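The structure appears right after this line, and notes come after that.
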Amino acid sequence: MLILAFDTATPAITLAICESEGGAVRVRAGASSVDARRHGELLTPGIRTVAEQAGVALADLTHIAVGVGPGPYTGLRVGLATGHALAGALGIPCHGVATLDALAFASGRQAPFIAASDARRKEVFWARYEDADTRTGEIAVDRPADVETGGLPVIGHGARMYSEVFGQDPEAAEPLYPSAAALGEVALRRLLAGRDLPEPRPLYLRRPDAAQPGAPKKVRQWQA
Amino acid sequence: MSGSDLPLILGIETSCDETGVGLVRGCELLSDEVASSVEQHARFGGVVPEVASRAHLEAMSPTVQRALDSAGVQLSDVDAVAVTAGPGLAGALLVGVSAAKAYALALDVPLYGVNHLVGHVAVDQLEHGPLPKPAIALLVSGGHTSLLYVRDLATDVRPLGDTVDDAAGEAYDKVARLLGLPYPGGPPIDRAAREGDSGAIHFPRGKWGDGSYDFSFSGLKTAVARWVEDGERDGRAPSVPDIAAAFQESVVDVLTRKAVDACVEHGVGHLVISGGVAANSRLRELAGQRCADAGVELRVPRPRLCTDNGAMIAALGAEVAAAGLPPSRLDLATDTSLPVGQPLAA
């Protein structure tokens, strides 16, 4: 299997091409950058570059894996729209991987921990992990002070931003962002193990902000 | 005449609340599929950007597939991808542009990031054949009210005037709300107006006779609000049909007068009216009369092509490709306020 993996649901844009041979997974090429406002501009050229570096034609890919968030919606949708269209044009499946799962896997941790990313509005997206490859609950969105850490270490950009609330050294939050190399490896290992991967649908975890309008404003000042 | 030797253009439009995908060869329309999220916005009285963006992502792949199926072609047959780069809602545009880039990369075909407003003019070619050069175009929709001098769809479009405040369609939506009519306001006002007397009330004509080709509809909306409120104060029930008819007459009177004046001043014999408001029956009727009186040929695409769709983007993409302009790069950025003078985004 030859998989193109990418994630745009954090300020990072991360891409990788990973290959499985036998039971082993190796990363053929990868690239990451942090530019929260240019996901839409950087992702597709990045895919072309990573494929060139890996010496792979897009037509050789067998799978696509894309981060499904949660994360800031505009960037998140860049990745998903790109994944859907690439898969449609190449005639291959597109799978989803939770962005926090890719962050957790990149940490390589063997003991329980919490992964947290910035959800804006003074909140974090977070989940609890048994180890780097095992999430033990649903992903939630909460204010940092409301996250029940149980004294576990917290990793990710959300942990760095709110290190005082979590009562830990900011440096302990590494890694801050998911890596597509980890995302691709998670996807391949799960496919190899015959596990189902989620549909490539966004995890928003919040409803759109929208208020129903009240009565039209009065334009005249008059006494009833 | 068969256009099978011309490139097959896939057009993608996501600037507002319609996910549009069309397939075009030259001036030949092969398919035009639209998924609209308008019903999800209705209770908010206007388009909610985040709701629109979410709907675009859901609808994009299925709409592309429907367009391919109804044209009887495969993605691998596509020779170029055209997409709305702007103007429009940032998050909405980005869904279409991201998908278009991925299709262009995977199919190894050129990408053209094009202008939504010029697409509204280009779509007329799918119905009435090549646009005579030059032509005047009046573009009226919920987001735009522009008068354009079009020498060449791909390379030379000049703005003559624009609204200084509300778009014409926006004024329809706001007045509909004042009158207790549903969103979007164009169709219900058009229907109500047929039962009313447009001479019963005289509402102001914004920027009438000011010598410019600009428009203003904000004062008209306020005048309608005053009329309704004064009626409430005086215990007089407003006649919705009369108000609708008088409001509509004010809008279409200014639109058609300035459009025909532009044709006459510039010695141009063809006027195109497009955009969602071009579906309005009174606008079509009055424009027809005034064009006939001035010896101007009027071209109005059928209503289905006047509202936002992907075929209009494919039609402009076909023009841009035929003109031999360089394709857009894969790092193409969306531009929420792309000027109408740029048919192809930089």
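Top line first, the protein sequences correspond to chains A and B. The first sequence begins at 40 in this note's numbering and counts up one residue at a time. The second sequence begins at 1397 in this note's numbering and counts up one residue at a time. All C-beta atoms in this analysis are idealised placements derived from N, C-alpha and C, irrespective of residue type, glycine included. Predicted model, so just to flag it, every value in this text is computed and none were measured.
Could you tell me the boundaries of the alpha helix (DSSP H) in which residue i lies?
i, result
"residue 1702 (chain B)", "1699-1702"
"residue 1681 (chain B)", "1677-1690"
"residue 1750 (chain B)", "Limits of chain B in this structure are 1397 at one end and 1742 at the other, which puts residue 1750 (chain B) out of reach."
"residue 1524 (chain B)", "1520-1524"
"residue 205 (chain A)", "202-205"
"residue 1670 (chain B)", "That residue, residue 1670 (chain B), is in no alpha helix (DSSP H); its beta strand (DSSP E) goes 1666-1670."
"residue 1585 (chain B)", "1582-1590"
"residue 224 (chain A)", "219-231"
"residue 1434 (chain B)", "1434-1438"
Select from the options the residue whose C-alpha is nearest the C-alpha of residue i.
i, options, result
"residue 1454 (chain B)", "A:256, A:120, A:183, A:87", "A:120"
"residue 1504 (chain B)", "B:1654, B:1474, B:1402", "B:1474"
"residue 1426 (chain B)", "B:1548, B:1463, B:1436", "B:1463"
"residue 1444 (chain B)", "A:248, A:256, A:255", "A:248"
"residue 1691 (chain B)", "B:1716, B:1697, B:1664", "B:1664"
"residue 1689 (chain B)", "B:1656, B:1625, B:1632", "B:1656"
"residue 99 (chain A)", "A:173, A:70, A:181, A:126", "A:126"
"residue 1528 (chain B)", "B:1719, B:1730, B:1667", "B:1667"
"residue 1545 (chain B)", "B:1642, B:1539, B:1554", "B:1554"
"residue 212 (chain A)", "A:199, A:148, A:152", "A:199"
"residue 1736 (chain B)", "B:1526, B:1446, B:1461, B:1550", "B:1550"
"residue 53 (chain A)", "A:97, A:89, A:133, A:177", "A:89"
"residue 1726 (chain B)", "B:1469, B:1516, B:1508, B:1523", "B:1508"
"residue 215 (chain A)", "A:246, A:153, A:241", "A:153"
"residue 1441 (chain B)", "B:1717, B:1626, B:1414, B:1576", "B:1576"
For a test of the three-state rule: what should DSSP assign to residue i, helix, strand or coil?
i, result
"residue 114 (chain A)", "helix"
"residue 1555 (chain B)", "strand"
"residue 1736 (chain B)", "coil"
"residue 1613 (chain B)", "coil"
"residue 1427 (chain B)", "strand"
"residue 1599 (chain B)", "coil"
"residue 93 (chain A)", "helix"
"residue 1693 (chain B)", "strand"
"residue 1625 (chain B)", "helix"
"residue 1472 (chain B)", "helix"
"residue 103 (chain A)", "strand"
"residue 1565 (chain B)", "helix"
"residue 1713 (chain B)", "helix"
"residue 86 (chain A)", "helix"
"residue 44 (chain A)", "strand"
"residue 1504 (chain B)", "coil"
"residue 173 (chain A)", "strand"
"residue 199 (chain A)", "helix"
"residue 1547 (chain B)", "strand"
"residue 193 (chain A)", "strand"
"residue 185 (chain A)", "helix"
"residue 211 (chain A)", "helix"
"residue 1560 (chain B)", "coil"
"residue 1741 (chain B)", "coil"
"residue 250 (chain A)", "coil"
Along the chain, where does the beta strand (DSSP E) containing residue i start, and where does it finish?
i, result
"residue 1404 (chain B)", "1404-1409"
"residue 58 (chain A)", "51-60"
"residue 1507 (chain B)", "1507-1511"
"residue 72 (chain A)", "63-73"
"residue 1540 (chain B)", "Careful: residue 1540 (chain B) lies outside any beta strand (DSSP E) and carries neither H nor E."
"residue 1368 (chain B)", "With chain B covering 1397 to 1742 only, the question about residue 1368 (chain B) has no answer from this structure."
"residue 1414 (chain B)", "1414-1421"
"residue 1729 (chain B)", "Per DSSP, residue 1729 (chain B) belongs to no beta strand (DSSP E) and is neither H nor E."
"residue 1762 (chain B)", "Residue 1762 (chain B) lies beyond the stretch modelled for chain B, which goes from 1397 to 1742, so this question has no answer here."
"residue 1743 (chain B)", "Residue 1743 (chain B) lies beyond the stretch modelled for chain B, which goes from 1397 to 1742, so this question has no answer here."
For chain E, check one thing: does any of its Cβ atoms lie closer than 8 Å to the Cβ of residue i?
i, result
"residue 53 (chain A)", "Structure shown: chain E not included; protein chains present are A and B."
*asked:* Going residue by residue through the stretch 1474-1499 of chain B, where are the continuous beta strand (DSSP E) segments of at least 3 residues, counting only ones entirely within it?
replied: Segments of the beta strand (DSSP E) lying fully in the stretch 1474-1499 of chain B: 1476-1482.
*Give the residues from the stretch 1566-1579 of chain B that approach chain A closer than 9 Å (Cβ to any Cβ), ordered along the chain.*
For the stretch 1566-1579 of chain B, the set of positions with a beta-carbon nearer than 9 Å to some beta-carbon of chain A reads 1570, 1573, 1574 in chain order.
*asked:* Could you tell me which whole beta strand (DSSP E) segments of length 3 or greater appear in the stretch 118-169 of chain A?
replied: Fully enclosed beta strand (DSSP E) runs of 3 or longer: 133-136, 152-157.
*Output, in sequence order along the chain, the residues in the stretch 86-99 of chain A whose CB is closer than 8 Å to any CB in chain B.*
Going along the stretch 86-99 of chain A in chain order, one finds 86, 87, 97 with a Cβ nearer than 8 Å to chain B.
*Just by C-beta distance, which residues in the stretch 1722-1738 of chain B are closer than 9 Å to chain A?*
Look at the stretch 1722-1738 of chain B: the residues with a C-beta under 9 Å from a C-beta of chain A are 1725, 1726, 1727, 1728, 1729, 1730.
_Residues within the stretch 1645-1662 of chain B neighbouring chain A, beta-carbon criterion of under 9 Å_ = Flagged: no residues at all.
*Which of the residues in the stretch 1609-1624 of chain B, read from start to end, lie with their CB under 7 Å from any CB of chain A?*
Contact annotation: in the stretch 1609-1624 of chain B, residues whose CB is within less than 7 Å of a CB in chain A are 1618, 1621, 1622.
*Residues of the stretch 1458-1471 of chain B whose Cβ lies closer than 9 Å to any Cβ of chain A, in chain order*: If the cut-off is 9 Å between Cβ atoms, the stretch 1458-1471 of chain B has 1460, 1461, 1471 near chain A.
*If contact means a Cβ-Cβ distance below 9 Å, which residues of the stretch 59-72 of chain A contact chain B?*
Flagged: no residues at all.
*Taking any Cβ of chain A, which residues in the stretch 1490-1503 of chain B have a Cβ under 7 Å from it, in chain order?*
Correct list: 1490, 1491, 1493, 1494, 1495, 1497, 1498, 1499, 1501, 1502, 1503.
*asked:* To be precise: take each residue of the stretch 1670-1699 of chain B, compare its Cβ to all Cβ atoms of chain A, and keep it if any distance is under 8 Å. Which residues remain?
replied: So nothing in the stretch comes that close.
*With 8 Å as the C-beta to C-beta threshold (strictly closer), list the residues of the stretch 224-251 of chain A near chain B in chain order.*
Listed by position along the chain: 241, 243, 247, 248, 249, 250, 251.
*Residues of the stretch 1582-1602 of chain B with Cβ closer than 9 Å to any Cβ of chain A, in chain order*: So nothing in the stretch comes that close.
*What residues in the stretch 1400-1429 of chain B have a beta carbon less than 7 Å from any beta carbon of chain A?*
Close to chain A, meaning a Cβ-Cβ distance shorter than 7 Å, is no residue of the stretch 1400-1429 of chain B at all.
*Looking at chain B, which residues of the stretch 180-214 of chain A have a Cβ within less than 8 Å of any of its Cβ atoms?*
Within the stretch 180-214 of chain A, no residue qualifies.
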